[in-house]
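S.K.: Each residue of the sequence shown is one higher than the last, beginning at 796 in the numbering used here.
Cβ coordinates follow ideal geometry from the N, Cα and C atoms, glycine included.
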Amino acid sequence: MASEKTSTPRPKVILFDIGGVCIDAQWLFNDMMAAARAPDPWMYPALKALKEDGRYIVAALSNTGDEMDALRDLFDVFVSSAHEGLRKPDPEIYQLALERVDEFARKNAGAKAKI
796 MASEKTSTPR
806 PKVILFDIGG
816 VCIDAQWLFN
826 DMMAAARAPD
836 PWMYPALKAL
846 KEDGRYIVAA
856 LSNTGDEMDA
866 LRDLFDVFVS
876 SAHEGLRKPD
886 PEIYQLALER
896 VDEFARKNAG
906 AKAKI
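1. Could you tell me which of Val853, Ser875 and Gln890 sits nearest to Asn903, measuring between CA atoms?
2. Under the rule that 16 or more other beta-carbon atoms within 10 Å means buried, what is Phe873, buried or exposed?
3. Which runs of the beta strand (DSSP E) spanning at least 3 residues fall entirely within the stretch 822–862, listed in chain order?
4. Give the secondary structure of Phe899 by DSSP, where H, G and I count as helix, E and B as strand, and everything else as coil.
5. Could you pull out every residue in the same chain whose Cβ sits closer than 7 Å to the Cβ of Lys843, ignoring the five residues on either side in sequence?
6. Taking DSSP as the reference, what is the three-state secondary structure of Asp885?
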């Protein structure tokens, strides 16, 4: 009778030893991502002011999905990699974003200027 081998899944913990200091990369990544999701108290008023000013094209290129829906009205152009099937740092997503900004600029030439 063959013995059945079962294994317990190990947690994915990546540790780096940097100069004798052990760093838990998984925790560090999760901590960074949690901090990045917290709204920047300066960014919303700045984006709102730029959009209301009317002299600027306000655009965003994001790797996020639907979680940014509440902020999309702040942007004239919003490119979401989750909806485009491309992700940063793929050069194609940057090219796509530039094309969308250019398209918006051409359609709205003169309309946003208050000079």
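M.R.: Put simply:
1. Val853
2. buried
3. Fully contained in the stretch 822–862 are the following beta strand (DSSP E) runs of length 3 or more, in chain order: 854–857.
4. Here Phe899 sits in helix by DSSP.
5. Leu869
6. coil
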